[in-house]
Amino acid sequence: MDDSFLMRLAILCSISGLAVLFLFSSAQGTQTMIGDITAEDIGRNVMVCGEITDTRISNNHVFLTLYDGSGSIRYVIFNSTSLMLNKTGMSPFSLSKGMSMCGPGAVDEYPAGTGNLELIYRRGVIEIS
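Now the structure itself:
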(Lines of atoms letter the chains of each structure in order from A and count residues from 1; the text may use other names and numbers.)
(Lines give C-alpha, C1' and ligand atoms only; values in the text may rest on other atoms or scores of the structure.)
Protein backbone atom coordinates (compact mmCIF):
# COMPACT_ATOMS: atom_id res chain seq x y z
CA MET A 1 0.00 0.00 0.00
CA ASP A 2 1.33 3.40 -0.85
CA ASP A 3 1.30 6.40 1.47
CA SER A 4 -1.28 8.38 -0.51
CA PHE A 5 -3.80 5.53 -0.28
CA LEU A 6 -3.28 5.25 3.48
CA MET A 7 -3.65 9.03 3.84
CA ARG A 8 -6.95 9.01 1.90
CA LEU A 9 -8.18 6.06 3.97
CA ALA A 10 -7.27 7.83 7.23
CA ILE A 11 -9.06 11.02 6.15
CA LEU A 12 -12.15 9.05 5.09
CA CYS A 13 -12.24 7.22 8.44
CA SER A 14 -11.83 10.51 10.33
CA ILE A 15 -14.66 12.19 8.43
CA SER A 16 -16.90 9.15 8.90
CA GLY A 17 -16.18 9.12 12.63
CA LEU A 18 -16.98 12.82 12.96
CA ALA A 19 -20.25 12.32 11.09
CA VAL A 20 -21.26 9.48 13.43
CA LEU A 21 -20.40 11.59 16.50
CA PHE A 22 -22.43 14.50 15.13
CA LEU A 23 -25.45 12.28 14.44
CA PHE A 24 -25.22 10.69 17.89
CA SER A 25 -25.00 14.03 19.67
CA SER A 26 -27.95 15.34 17.66
CA ALA A 27 -29.99 12.29 18.63
CA GLN A 28 -29.41 13.03 22.32
CA GLY A 29 -30.78 16.53 21.81
CA THR A 30 -30.34 19.70 23.76
CA GLN A 31 -31.75 20.24 27.22
CA THR A 32 -35.48 20.91 27.38
CA MET A 33 -37.09 22.71 30.30
CA ILE A 34 -39.69 20.45 31.91
CA GLY A 35 -42.29 23.23 31.87
CA ASP A 36 -41.92 23.47 28.09
CA ILE A 37 -42.90 19.82 27.50
CA THR A 38 -46.45 19.53 26.11
CA ALA A 39 -48.72 16.88 24.61
CA GLU A 40 -47.38 17.92 21.20
CA ASP A 41 -44.05 16.39 22.27
CA ILE A 42 -45.47 12.88 22.80
CA GLY A 43 -43.16 10.40 21.07
CA ARG A 44 -40.30 12.90 20.90
CA ASN A 45 -36.98 12.30 22.67
CA VAL A 46 -35.87 15.10 24.98
CA MET A 47 -33.05 15.70 27.45
CA VAL A 48 -34.04 17.06 30.86
CA CYS A 49 -32.11 18.05 33.96
CA GLY A 50 -33.54 18.49 37.41
CA GLU A 51 -33.61 17.59 41.05
CA ILE A 52 -35.08 14.26 42.07
CA THR A 53 -37.96 15.13 44.39
CA ASP A 54 -39.47 11.64 44.73
CA THR A 55 -38.42 8.04 44.07
CA ARG A 56 -40.30 4.78 44.00
CA ILE A 57 -39.20 1.30 42.94
CA SER A 58 -41.76 -1.33 41.99
CA ASN A 59 -40.93 -4.68 40.36
CA ASN A 60 -37.46 -3.30 39.48
CA HIS A 61 -39.06 -0.37 37.64
CA VAL A 62 -37.71 2.98 38.88
CA PHE A 63 -40.13 5.92 39.08
CA LEU A 64 -38.62 9.35 39.72
CA THR A 65 -40.12 12.82 39.90
CA LEU A 66 -37.83 15.50 38.45
CA TYR A 67 -38.17 19.23 39.13
CA ASP A 68 -36.19 21.91 37.27
CA GLY A 69 -37.77 25.17 38.45
CA SER A 70 -40.13 25.34 35.46
CA GLY A 71 -42.13 22.24 36.32
CA SER A 72 -41.98 18.61 37.36
CA ILE A 73 -42.42 15.35 35.48
CA ARG A 74 -42.33 11.64 36.18
CA TYR A 75 -39.21 9.92 34.79
CA VAL A 76 -39.58 6.15 34.36
CA ILE A 77 -36.79 3.60 34.01
CA PHE A 78 -38.40 0.24 33.27
CA ASN A 79 -36.99 -3.07 34.50
CA SER A 80 -35.34 -4.06 31.20
CA THR A 81 -33.50 -0.75 30.82
CA SER A 82 -32.65 -0.50 34.53
CA LEU A 83 -30.85 -3.84 34.26
CA MET A 84 -29.07 -2.57 31.12
CA LEU A 85 -27.95 0.56 33.01
CA ASN A 86 -26.71 -1.62 35.88
CA LYS A 87 -24.37 -3.40 33.46
CA THR A 88 -22.78 -0.05 32.52
CA GLY A 89 -21.97 0.67 36.16
CA MET A 90 -24.78 3.19 36.72
CA SER A 91 -27.33 1.76 39.13
CA PRO A 92 -30.72 3.45 38.78
CA PHE A 93 -31.61 1.87 42.12
CA SER A 94 -29.13 4.22 43.83
CA LEU A 95 -30.94 7.37 42.66
CA SER A 96 -32.47 9.19 45.61
CA LYS A 97 -34.38 12.29 46.60
CA GLY A 98 -32.25 15.45 46.52
CA MET A 99 -29.86 14.27 43.80
CA SER A 100 -29.56 16.22 40.56
CA MET A 101 -29.62 14.36 37.27
CA CYS A 102 -29.75 14.87 33.52
CA GLY A 103 -31.17 12.18 31.30
CA PRO A 104 -32.82 11.50 27.97
CA GLY A 105 -36.37 10.28 27.69
CA ALA A 106 -39.26 9.77 25.31
CA VAL A 107 -42.31 11.88 26.12
CA ASP A 108 -45.37 9.75 26.82
CA GLU A 109 -48.84 10.22 28.29
CA TYR A 110 -49.91 7.83 31.05
CA PRO A 111 -52.61 6.83 31.57
CA ALA A 112 -53.65 7.58 28.00
CA GLY A 113 -56.09 10.44 27.64
CA THR A 114 -55.34 12.01 31.04
CA GLY A 115 -52.87 14.66 29.94
CA ASN A 116 -50.34 13.34 32.51
CA LEU A 117 -46.98 13.45 30.75
CA GLU A 118 -43.96 11.37 31.69
CA LEU A 119 -40.55 10.57 30.27
CA ILE A 120 -39.56 7.00 29.49
CA TYR A 121 -35.83 6.24 29.59
CA ARG A 122 -34.83 3.99 26.68
CA ARG A 123 -31.10 4.54 26.16
CA GLY A 124 -28.37 7.11 26.56
CA VAL A 125 -26.33 8.56 29.36
CA ILE A 126 -27.83 9.56 32.69
CA GLU A 127 -25.59 12.04 34.48
CA ILE A 128 -25.78 12.40 38.26
CA SER A 129 -24.40 15.32 40.25
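Taking our numbering, the leading residue of the sequence shown gets 8, the next gets one more, and so forth.
Glycine included, each C-beta is placed from N, C-alpha and C at the ideal position.
Bear in mind the structure is a predicted one, so any value in this text is a computation, not a measurement.
- Membership of Leu73 in the beta strand (DSSP E) is indicated by the continuous run His68 to Tyr74.
- Burial state of Thr39 is buried, judged by a 10 Å Cβ sphere holding 16 or more other Cβ atoms.
- A distance below 8 Å between beta-carbons, with the five flanking residues on each side excluded, links Phe12 to no residue of its chain.
- Of the other Cβ atoms in all chains shown, fewer than 16 fall within 10 Å of the Cβ of Gly76; this residue is therefore exposed.
- Annotation: Met108 is outside any alpha helix (DSSP H); the continuous beta strand (DSSP E) that includes it extends over Ser107 to Glu116.
- Here the alpha carbons of Ile84 and Val69 stand approximately 5 Å from one another.
- Between the C-alpha atoms of Met108 and Gly120 there is a straight-line separation of about 28 Å.
- In the pairwise beta carbon analysis, the region 52-66 is classified as touching the region 102-117: at least three pairs are separated by under 8 Å.
- Counted as a single uninterrupted DSSP element, the alpha helix (DSSP H) harbouring Leu90 occupies residues Asn86 to Lys94.
- In the DSSP assignment, Asp61 falls within the unbroken beta strand (DSSP E) covering Asn52 to Ser65.
- The C-beta distance from Ile49 to Val114 rounds to 5 Å, short enough to meet the 8 Å contact threshold.
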